[in-house]
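Read the structure below first, then the notes.
There are 2 protein chains.
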Amino acid sequence: MMDIIANTLIVCAMGTLPLTFEILHQDPNGFARSGRLSLAHGTIETPIFMPVGTQATVKSLTPTDLTDDIEAQIILGNTYHLMLRPGADIIEKLGGLHQFMGWERPILTDSGGFQVWSLGDLRKIEANGVRFRSHIDGSEWFLGPKESMEIQRKLGSDIVMAFDECTPYPATYSEARSSMEMSMRWAEECRTALPHNGTQALFGIVQGGMYPDLRRESLHAIQAMDFEGIAIGGLSVGEPKDEMLAMLDALAPHLDKNKPHYVMGVGTPADLIEGVDRGIDMFDCVMPSRNARNGTLFTDHGKINIKNAKYMLDQTPIMEDCSCYTCKNFSRAYLRHLFIAKELLSSRLNTLHNLHYYCDLMRRVRQAIHEQRWPQFRDHFLQQYRNTTI
Amino acid sequence: MMDIIANTLIVCAMGTLPLTFEILHQDPNGFARSGRLSLAHGTIETPIFMPVGTQATVKSLTPTDLTDDIEAQIILGNTYHLMLRPGADIIEKLGGLHQFMGWERPILTDSGGFQVWSLGDLRKIEANGVRFRSHIDGSEWFLGPKESMEIQRKLGSDIVMAFDECTPYPATYSEARSSMEMSMRWAEECRTALPHNGTQALFGIVQGGMYPDLRRESLHAIQAMDFEGIAIGGLSVGEPKDEMLAMLDALAPHLDKNKPHYVMGVGTPADLIEGVDRGIDMFDCVMPSRNARNGTLFTDHGKINIKNAKYMLDQTPIMEDCSCYTCKNFSRAYLRHLFIAKELLSSRLNTLHNLHYYCDLMRRVRQAIHEQRWPQFRDHFLQQYRNTTI
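Keeping their order, the protein sequence lines are chains A and B.
Residues 1 to 390 in our numbering are what the first sequence lists, from first letter to last.
Residues 391 to 780 in our numbering are what the second sequence lists, from first letter to last.
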């Protein structure tokens, strides 16, 4: 294993691989670390939060909002949504996902596995993938490891995710094992279908339900396949918070330190802090953008619901000292009005703030690790976030 | 009459009136002119198009979009909508409409007359105003000249519109006369309720249906009342285009040249050109913003419907040489995708383009008048706009 890593690092240094990862600071007493991840479309700093751009757009925002105000360094695109509409072939003909949506920085695409799994009655899992009906028009599709790799190749993302099955919660030990074993077979097929190349990195995904030994078995299988990064899937699927953290605890000591670690679909600001503390470098979640559209706004002191009548005459911004466009220019009273009046600008200003908050929180995390005060930052943040009501 | 104007101009020059209007260039062979209108919150150049910001927001856009990309110099707010939600008292407590919505340039507010008139069965016209039920919650309200002036005073707009009745179309001569006469009585009450002051200008509104003599009678009545500007209402209410232009033709020679002329709720790009040609300085219309949300985009060569399948692989912008953010960054293929996928960004990028197109068209109009080539510009534009299909 160590030989493979050593070789990888040498080849990376020669510029022929699509990803190089450098650890800048390591918390001496735990797993938290900061790093630098270089990809085909640019370099990002970790730990990082990736805004979700499902249908070739982060809902309501332009690329300029994302770069200039939110300072997002990488965004996520959804293979399932893009394959159905406008279609991978169309995006390829239009120059790939970056050019199509006007985004010049790195993009990570998921495999579509989670979305088709979420379709419930509309999908049937087979040995080589999933047969499903489109939620848009009922048309029949098939998506497996080979198809997912081919679609993500057409999209041209910087980071491609392996196609896996998200193990349901709850699942028996036997269900979780067979689901995990299928995902490991599919992971191998993905690596074969998308071999090492100069532009697209491929991440394998650890499964195993809520069973620490299955999780570790899956991690070792993934780490043996020489992916450019390690993702942890099947979390944040309805399990209690302490079970999720227990899975991260079970994996943290065994994660290959030389590769980036990505926990998928997580989570609240507190979850991000807990994840960093367990060695996670990358996060994505629809929560900040989806909740924004529902009027829920994040602050260091917890969430606020902007439709609440108490904000009717409140001239203060969402969060004091926040440097986002929304907080610099508008009062809670105005944001409440926009939400109540169902104005389009409500979604936009709220999304701007929430994604700025998430990305800026990661910037503060990186700074704390850099300045060797991670434990203090973590404890102060969690105490303040969980124990204040505003 | 001339004495009054002369006095007005002198007082304006002393800075004690809320509006000064200076004509910069006059087309020697017609009514078209360019000018400079100074208001409490800044100076605007005419002819001008005013984007509509109904509920204290131009739908989907921020003030920064409006100033930096669209280069809007003044926007319009709707008294009817704002009085119902969030309420004039709340806006006054929050520092007025400018501060509430973060817009530092001039604002014109309408009187609410047109909106309550549009309520149909929900309203009853009485001698002193209109009793109506809110379209939001059915609550009962009363709005007349006094109430409208008081609400617009609380909103703090730079230009206040008189409260009038929009004469329905079609209307008999007798109906149009009595409606016009009521509007003239109400106009006097508005001038009394909002006397000359240092911050808010008041515009009177000409009515009279589609009867040239009633229109001229109304114009003379309005011009006798010493409003700071002259508006023409009751157009673009379903009448054929040539009837609308005939009314503007009937008024053009009689409009007080020293005051700004505003035709309300008009219209298409071609209507704006026809209006300028008849001495109109100011326009507002929901068309560019509302049509944008429906996928209709304006160009010099007519309208395009972005949902059309022929744009699926079209890598060109909406309009070549357009300098708006949308055209500089995105293809028709991407805009079509956003529209079909019902993405929030679709409304925003489309609105950005359409409002930029309207405001930039007025900039080109001013330049043509300035460079003494108005007739050529007008003829070329109308020929190109009406005779091309794209």
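Cβ coordinates follow ideal geometry from the N, Cα and C atoms, glycine included.
Buried versus exposed call for residue i [16 or more other C-beta atoms within 10 Å across all chains shown]
i	result
Asp671 of chain B	buried
Gly665 of chain B	buried
His760 of chain B	exposed
Ile136 of chain A	exposed
Ala614 of chain B	exposed
Thr582 of chain B	exposed
Pro678 of chain B	buried
Arg215 of chain A	buried
Gln762 of chain B	exposed
Thr454 of chain B	exposed
Arg336 of chain A	buried
Ala478 of chain B	buried
Ala573 of chain B	For clarity, residue 573 of chain B is Ser in the given sequence; the question names Ala instead. Buried, since its Cβ has 16 or more Cβ neighbours within 10 Å.
Ser392 of chain A	Lying before the first or after the last residue shown, residue 392 of chain A is absent from chain A, which here runs from 1 to 390.
Gly113 of chain A	buried
Asn291 of chain A	buried
Integer-rounded CB distance, given that residue j should sit under 8 angstroms from residue i
i	j	result
Leu638 of chain B	Leu313 of chain A	At roughly 44 angstroms, the Cβ-Cβ gap does not stay under 8 angstroms, so Leu638 of chain B and Leu313 of chain A are not in contact.
Ser347 of chain A	Arg293 of chain A	5 angstroms
Pro832 of chain B	Phe617 of chain B	Nothing about residue 832 of chain B can be reported from this structure: the residues present for chain B run from 391 to 780 only.
Gly120 of chain A	Gly144 of chain A	Contact doesn't hold; Cβ gap of about 19 angstroms is too wide.
Ala56 of chain A	Leu84 of chain A	Ala56 of chain A to Leu84 of chain A, Cβ: 12 angstroms. No contact.
Gly267 of chain A	Arg33 of chain A	That belief does not hold up - the Cβ atoms of Gly267 of chain A and Arg33 of chain A are roughly 19 angstroms apart, past 8 angstroms.
Tyr715 of chain B	Asp459 of chain B	5 angstroms
Thr54 of chain A	Leu735 of chain B	Going by Cβ atoms, the distance from Thr54 of chain A to Leu735 of chain B rounds to 11 angstroms, so no, they are not a contact pair.
Gly208 of chain A	Ile222 of chain A	With 8 angstroms as the limit, Gly208 of chain A and Ile222 of chain A do not qualify as a contact, their Cβ atoms being about 10 angstroms apart.
Gly655 of chain B	Leu609 of chain B	The Cβ separation is near 18 angstroms, so there is no contact.
Asp158 of chain A	Ala40 of chain A	5 angstroms
Phe421 of chain B	Ser501 of chain B	That belief does not hold up - the Cβ atoms of Phe421 of chain B and Ser501 of chain B are roughly 26 angstroms apart, past 8 angstroms.
Gly425 of chain B	Leu414 of chain B	6 angstroms
Val550 of chain B	Leu512 of chain B	That belief does not hold up - the Cβ atoms of Val550 of chain B and Leu512 of chain B are roughly 25 angstroms apart, past 8 angstroms.
Thr469 of chain B	Gln416 of chain B	Actually they do not touch by this definition, with Cβ atoms about 33 angstroms apart.
Terminal residues of the beta strand (DSSP E) in which residue i lies
i	result
Thr20 of chain A	20 to 26
Ile232 of chain A	229 to 232
Ala591 of chain B	591 to 596
Tyr652 of chain B	651 to 653
Test item: CB-CB of residue i and residue j under 8 angstroms
i	j	result
Cys166 of chain A	Gly233 of chain A	yes
Ile75 of chain A	Ile107 of chain A	yes
Pro260 of chain A	Thr46 of chain A	yes
Ile340 of chain A	Ile318 of chain A	no
Cys359 of chain A	Phe49 of chain A	yes
Val286 of chain A	Val52 of chain A	yes
Arg521 of chain B	Phe532 of chain B	yes
Arg378 of chain A	Asp277 of chain A	yes
Pro476 of chain B	Gln590 of chain B	no
Lys59 of chain A	Thr351 of chain A	yes
Ile620 of chain B	Leu645 of chain B	yes
Gly102 of chain A	Asn719 of chain B	yes
Ala252 of chain A	Tyr211 of chain A	no
Leu66 of chain A	Thr109 of chain A	no
Gly302 of chain A	Tyr357 of chain A	no
Lys146 of chain A	Glu104 of chain A	no
First and last residue of the uninterrupted alpha helix (DSSP H) at residue i
i	result
Leu251 of chain A	241 to 251
Tyr415 of chain A	Not covered by the structure: residue 415 of chain A. The range shown for chain A is 1 to 390.
Asn777 of chain B	764 to 777
Pro317 of chain A	It is not in any alpha helix (DSSP H) - Pro317 of chain A carries neither H nor E in the DSSP assignment.
His610 of chain B	602 to 613
His196 of chain A	It is not in any alpha helix (DSSP H) - His196 of chain A carries neither H nor E in the DSSP assignment.
Tyr715 of chain B	715 to 719
Asp750 of chain B	734 to 760
Chain C within 8 angstroms of residue i, Cβ atoms only
i	result
Gln705 of chain B	The chain labelled as chain C is not found among the protein chains of the depicted structure, namely A and B.
Within the stretch 16 to 98 of chain A, note down every full alpha helix (DSSP H) run reaching 4 residues or more, in order along the chain. Runs of the alpha helix (DSSP H) inside the stretch 16 to 98 of chain A: 79 to 84, 88 to 93.
Ignoring anything shorter than 3 residues, give me the beta strand (DSSP E) runs that lie fully in the stretch 493 to 577 of chain B, in order along the chain. 497 to 499, 513 to 516, 519 to 523, 530 to 533, 549 to 551
Enumerate, from N- to C-terminal direction, the unbroken beta strand (DSSP E) stretches of 3 or more residues contained entirely within the stretch 659 to 696 of chain B. 672 to 674, 686 to 689, 692 to 695
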